[in-house]
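Working notes for the structure below.
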Amino acid sequence: MSISSAFSIARSGLSTTEGRANLVAGNIANAQTEGYVRREAAQVTTNGQSGTVELRIARQVDERLAGMSRNASAELGRASATSEILGSYLITLGEPGDEVSPAARLAEFQAGLDLLANNPSDPAAQNDLLSRSETLVHSINEAAIGLEASRAQAGDSLVASVAEVNAALSDIAALNERLALAGTDPTGTSGLMDEMNRRLDALGSQMDFQSRREADGTLTLHTTGGTELVHGETAVPLSANPETGRLMAGDIDITPNSPTARGSDSGRLAGLSGLIANDLPQMKLQLDELARGLVQSFEAADASLGAGQPGLFTDAGGAFDPAQLDGLAGRLALNDSVQPDKGGALWRLRDGAGATFPGEPGDTTQLNAFVDVLETGMAFDAATGLSTNARLGDYAADLVSQQNVLRVGADGQAETARVRLITFEDNRSSIEGVNVDTELQKLLEIEQAYGANSQVLTSLSDMLDTLLASV
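All the letters of the sequence shown, read from the start, carry residue numbers 94 to 564 under our numbering.
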């Protein structure tokens, strides 16, 4: 080996060592930077026999593991949306057995009917039944109000999530433009790819997606159903209908679980859309059917009523109208005719809401008919997802139970997704993250390499001096 070749190798070694030192220093400086991916350098021989080397920098990332992490984040986002939206409503509704639930209030009302049937002329028993009736109506009204508030919250959250997704897609498209200009050299694109990862991770909680790296270094994104979201510098804007839960990407339907849609079934967007389109309407129908059961069955059992007259339970004071079922739970009210403070009389609880004068004090005929209402099964709409034939009390208990199960199931799914996410993130951190102790050990190795190359240069310089002195 010639002296000039040795000089070239030593200079290359010093340059490579300097690059490695800068790389390690950058890793240490960014150890706590969110989204930063550790860089590693490989030394590659570039000049054949001369033995000079250069550094090839690579980001330490596992794309498959990152995809699994984002998928778990999307599952967590969907389940968490259900828990978040239903949380306050289910507190109002109560759990099975809670005294605040419509099921418990209906059981108390039934007990009050039995007490009055045993002593039909007792004013205290009549007042007690009136109080229990008012409490039952109030519990159903409050549940309907709470459910409507949850529906409005879900609509607002859906619009906010769509805005967040659109911002992320726009940022990804802008990063694609910068990546295309930067070329494929990892040295110039590593920072951009870190920023891209941050955007993709944020997007992952909102929706599940698939990505493909193009030859120019840009990313193409599409839903799991195949709808393109980002291609090159172009992002497709999403839009949402907060009333129906329908989602669109441009003019393509991406509503989750829609037969013809090409969207994603995981993520916060999917959770909110499903609540608005399916779960909340069914829960509302369940409440309306409970209110219908009370209004219609007590009308049918009340012998004192004429055609079109309302019974003990009314639709905002009126008789039941099958065409006005929607929202009935929120309009459910007691008949004014049984409320003394509204011009009514307590004895109508015994004799019927339409009675024009008091009957015999000990007559329990009408009360027994009311009691039979609660002991007899009645038909319910199959679209409720509950029993199509059940006693009112059993139907109310099933309603409360199923609506709570929806959140319990979502909480279980969220916990499973959270465990998966933590596992994947820990594995990503071990690959992508910076271990400062390891990086400091590398600095010691770099220091030794620097010293060795410096010693070679010193020895070569001494050799040249010796040769020159001998001439």
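Quick reminder that beta carbons are idealized off the backbone N, C-alpha and C, glycines included.
Three-state secondary structure assigned by DSSP to residue i
| i | result |
| --- | --- |
| G248 | helix |
| T327 | strand |
| M471 | strand |
| S332 | strand |
| V292 | The residue asked about is misnamed: residue 292 is Arg in this sequence, not Val. Here R292 sits in helix by DSSP. |
| S563 | helix |
| Q432 | coil |
| F463 | helix |
| D419 | coil |
Residue i - partner residues in DSSP beta bridges
| i | result |
| --- | --- |
| V154 | V154 is not bridged to any residue. |
| S194 | DSSP, once it has assigned bridges, lists no residue as partnering S194. |
| T316 | F302 |
| A483 | M471 |
| M341 | S332, D346 |
| T407 | A426 |
| E321 | H315 |
Whole-angstrom distance between residue j and residue i, CA atom to CA atom
| i | j | result |
| --- | --- | --- |
| M341 | T348 | 7 Å |
| L427 | L373 | 26 Å |
| E227 | D429 | 11 Å |
| E538 | A118 | 13 Å |
| L365 | A167 | 12 Å |
| L183 | I121 | 48 Å |
| R132 | A275 | 18 Å |
| Q587 | L467 | It is not possible to answer for residue 587, since the shown part of the chain is limited to 94 through 564. |
| L222 | G437 | 15 Å |
| G386 | T337 | 27 Å |
| V329 | H315 | 10 Å |
| L169 | A253 | 18 Å |
| F463 | L398 | 13 Å |
| Q459 | F450 | 14 Å |
| L405 | P352 | 44 Å |
| L442 | G343 | 59 Å |
Burial state of residue i (16 or more Cβ within 10 Å)
| i | result |
| --- | --- |
| T584 | As displayed, the chain neither begins before 94 nor continues past 564, which places residue 584 out of reach and without an answer. |
| A218 | buried |
| A196 | buried |
| R292 | buried |
| N269 | buried |
| S523 | exposed |
| I265 | buried |
| N164 | buried |
| N290 | buried |
| I515 | exposed |
Contact belief for residue i with residue j at Cβ below 8 Å, rounded distance in angstroms
| i | j | result |
| --- | --- | --- |
| L492 | M471 | About 14 Å separates the two Cβ atoms, so there is no contact after all. |
| L272 | G297 | So it is not a contact: roughly 20 Å between Cβ atoms. |
| L240 | K435 | The Cβ separation is near 27 Å, so there is no contact. |
| R521 | A363 | In fact, because the Cβ distance is near 23 Å, the residues do not count as touching under 8 Å. |
| D408 | R424 | 5 Å |
C-beta neighbour in chain C for residue i, strict 8 Å
| i | result |
| --- | --- |
| E382 | The structure shown contains no chain C; it is built from a single protein chain. |
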